[in-house]
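See below for the structure under consideration.
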Amino acid sequence: MSLMINKSYDEANKVWNIKLDGEVDIYTAGSLKDAFMKMLEENKENIKIDAEKLDYIDSTGLGVLIGVLKKLREEEKNIIILNIKPSIKKLLNITGLDKIFVVEG
Amino acid sequence: MNKKNKDLIKLSVPNKPEYVSVIRLTVTGIANRMGFDVEKIEDIKVAISEACTNAITHGICQEEENFYIDFSSDEEKLVISVYDNGKGCLSNNIKTPNLGELNEGGLGVFIIKSLMDDVEILPNNGKGTVIKMTKYVGDDM
């Protein structure tokens with residue numbers, strides 16, 4: 018039970034693609050935050066998160082995403098979440114975060 | 049006449065983040081055995097993780113200590129109580145998060161209250177707090 022983070026920068030479209038595989042909780046949220054902070058240092062551009070293999074996230078992970086979004090908003094950039102599982106979509110709905118992030122697919 | 053078959057499971061868990069996923073696996077086993085459907089099991093997993101995250105972050109002053117979880121079950125419901133050793137900084141007056149302000153914290157208890165059927169936050173004998181949460185196997189009463 019851990020988290021794998023696979024990130025790459027798409028130079029042509031000026032967008033970060035990040036794939037999350039596993040679980041984001043109090044144990045793994047720190048490594049996710051570090052990965053995002055490195056990305057923002059390199060390029061402060063839109064971030065596309067592929068959540069197809071994201072099995073679990075809770076408020077610790079959502080807190081990280083909110084923190085990243087705050088920094089992106091300074092440059093009028095956004096977070097786009099793709100291929101989200103129903104259980105995670107439910108969590109975004111009840112917290113209202115589905116209206117804050119762009120949720121696709 | 050009380051025909052209900054009540055079972056109690058007690059866990060003592062180190063105040064360490066790496067054990068939260070172990071607790072999720074544990075509660076999945078308990079809830080699955082009781083006949084909860086997949087969606088409700090997901091709700092319970094998130095709720096118990098939030099409660100444990102609270103216990104670990106608020107009780108962290110004594111890192112070597114453990115915190116405690118009780119699982120009390122009968123045919124119709126699962127009652128989970130998470131006891132922390134912290135200073136009892138949680139309250140029942142959790143507001144709906146104001147997303148305009150984009151605060152990183154404060155979502156945990158709100159999520160628990162949204163996902164579980166019944167939630168109580170009680171003082172733990174002057175030594176932290178207890179989050180007591182109930183989920184019904186069938187549809188809510």
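Protein chains in written order, with our numbering: chain A, 18 to 122; chain B, 49 to 189. For each residue, glycine too, the CB sits at the ideal point set by N, CA and C.
In this structure, K125(B) lies near Y184(B), with their beta-carbon atoms less than 9 Å apart.
Going by beta carbons, E40(A) and S69(B) fall inside the 9 Å limit.
No Cβ of chain B is located within less than 9 Å of the beta carbon of E93(A). Remark: C-beta atoms of K52(B) and E123(B) approach each other more closely than 9 Å. Counting along the chain, K94(A) sits inside no beta strand (DSSP E), nor does DSSP assign it H or E at all. Here the C-alpha atom of K175(B) lies approximately 46 Å from the C-alpha atom of E59(A).
Shown here, I22(A) sits in a strand according to DSSP, grouped into three states.
When 8 Å is used as the limit between beta carbons, L155(B) is near these residues of chain A: S76, L79, G80, T112, in chain order. Any Cβ of chain A closer than 9 Å to the Cβ of K183(B) would place that residue at the interface, and such an atom is absent. Shown here for D165(B): same chain residues with a beta carbon closer than 6 Å to its own, the five before and five after excluded, namely T182, K183, Y184, D188 in chain order. For the 9 Å CB-CB criterion, S121(B) and K54(B) form a contact.
E62(A) carries a coil assignment under DSSP once its states are collapsed to helix, strand and coil. A52(A) and I98(A) do not touch by the CB rule: their CB atoms are close to 16 Å apart, not below 8 Å. Contact between K50(A) and K94(A) is ruled out by a C-beta separation of about 17 Å, above the 8 Å threshold. According to the DSSP secondary-structure assignment, Y131(B) is paired through a beta bridge with Y116(B), V178(B). Under the Cβ criterion of 9 Å, S104(A) is counted among the residues facing chain B.
Segment contact: the segment 79-90 of chain A against the segment 94-107 of chain B, fewer than three CB-CB distances shorter than 8 Å; contact not assigned.
Within the segment 28-61 of chain A, the runs of beta strand (DSSP E) at least 3 residues long that lie entirely inside it are, in chain order, 32-41. Collapsing the DSSP output to three states places D72(A) in a strand. With the rule of 3 Cβ pairs closer than 8 Å, the segment 83-92 of chain B does not count as touching the segment 110-117 of chain A.
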